[in-house]
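Beneath this line is the structure, given in structure tokens, with notes to follow.
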Amino acid sequence: MSVSETTAVQPNSDSETIITKSPLILKKMEIIEKVAKTDSSVLLLGESGVGKELFAEQVHIKSPRREAPFIKVNCAAIPEGLLESELFGHVKGAFTSAIANRKGRFEIADKGTILLDEIGDLPLSLQAKILRIIQEKKFEKVGSDTTITVNVRIIAATNKDLEDLVQTGAFRQDLYYRLNVFPIFIPPLRKRQEDIIELAGFFLKKFERETKKQFNGFSDDALEAMLSYSWPGNVRELMNCIERACIIGKNKQIGKEDLFLKSGDADSENDTAVRCLKTAVNIFKTNFILKVLEENNWNQTETARALAIQRTYLSRLIKELNITSKE
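Here it is, written out as structure tokens:
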């Protein structure tokens, strides 16, 4: 597969899809293919909204555990007083509202994978229990002395700097090292502009179906606006933006005014436009050169002749643009 192709990872109807043309993301997918075959802990790093949960799912479905449960827990979304019971379960009478025995997420995930999202928000009081599961595969339910053994692969995800949290004492150093066996950084959307229009088109089709409306793509000013915007909320923000545009859009095409993107000051807009133009030119060069290389079976001499440039210049462009074959 070449880096110019769209990768749609869709192993079954219940899984989400990763859409990308970015060489950065395609390389991450190669790494995931390799690490998925092991039982090593994986630590997914990156800003909020980059899709860390989707990458965690890819680790699971490409692993030998794919037929077992894939359980997700957001450590920041569950109150500390309930999180221990949520993770490890409880026995009847363990606390006032414990009217029956209950399995925790780790027990449900046995032989499968558990994603501990927002691991940086995990209370110190529970970090020792997570460390024990990693080391011994054992835990006790809340209110019980009976030890339960599970075989669970742990994937952790965070947008926080865990090393800083270790330094301040908010995160156990030993747990950090056990989780950080295989760190994978997911780059923000602004670092992979190749994906912006690709993802926008994907979300447009999705929300056309949901809103029962049909558009003839995006106007030129809408495309320019999306490429010029920094997307601080990453893929999640882009998805919400396209959903909103589909709901309010009245014309045949989605226009810039339908996107409601924030604008910066004039100077920053000009700087962004320059960066955007350079990026767009480089994307075009990359895709065009890659296409001609493939047409000539990666023979650089024939490719240079077809492009009417010197072979040495072609070699330099291949290196500068990081053009590689996926075969």
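Each residue of the sequence shown is one higher than the last, beginning at 152 in my numbering. Think of the CB as a built atom: it goes at the ideal place given N, C-alpha and C, for glycine as much as any other residue.
Is it true that the CB of Leu340 sits closer than 9 Å to the CB of Val224?
9 Å or more divides the Cβ of Val224 from the Cβ of Leu340.
For Gly240, which beta-bridge partners are listed by DSSP?
Note: Gly240 sits in a beta bridge opposite Lys254.
Does DSSP put Arg399 in a helix, in a strand, or in coil?
In the sequence on display, residue 399 carries Ile and not Arg. The three-state reading of DSSP puts Ile399 in helix, counting H, G and I together.
Looking only at DSSP bridge pairs, what is Val144 linked to?
An answer regarding residue 144 cannot be provided, because it is not within the stretch 152 to 478 covered by the chain.
Option nearest Leu177 by Cα separation, candidates Phe336, Ile285 and Asp325
By alpha-carbon distance to Leu177, the top candidate from Phe336, Ile285 and Asp325 is Phe336.
Out of curiosity, what's the CA-to-CA distance linking Glu258 and Ala207?
Rounded to the nearest whole angstrom, the C-alpha separation of Glu258 and Ala207 is 19 Å.
Apart from the five residues on each side of it in sequence, which residues of its chain come closer than 7 Å, Cβ to Cβ, to Ile250?
Counting only Cβ-Cβ distances below 7 Å, and skipping sequence neighbours, we find Lys243.
Starting from Val210 and walking both ways along the alpha helix (DSSP H), at which residues does that stretch end?
Residues Lys203 to Ile212.
Which of helix, strand or coil does DSSP assign to Asp312?
Correct three-state label for Asp312: coil.
How do the region 210–219 and the region 357–365 stand: do at least 3 beta-carbon pairs fall below 8 Å, yes or no?
Output reads no: the region 357–365 does not touch the region 210–219.
For the 8 Å Cβ check, are there 3 or more pairs between the region 362–369 and the region 185–204?
By the Cβ criterion, the region 362–369 is not in contact with the region 185–204, since fewer than three pairs of Cβ atoms, one from each stretch, lie closer than 8 Å.
So is Arg467 buried or exposed if we call it buried at 16+ other beta carbons inside 10 Å?
It counts as exposed.
Residues in the same chain with beta-carbon distance under 6 Å from His211, minus the five sequence neighbours each way, listed in chain order, please.
So the qualifying residues of the chain are Phe221 and Thr264.
DSSP on Val224, reduced to helix/strand/coil?
Val224: strand per DSSP, three-state reduction.
Length of the line joining the Cα atoms of Ala245 and Arg253
Between the C-alpha atoms of Ala245 and Arg253 there is a straight-line separation of about 10 Å.
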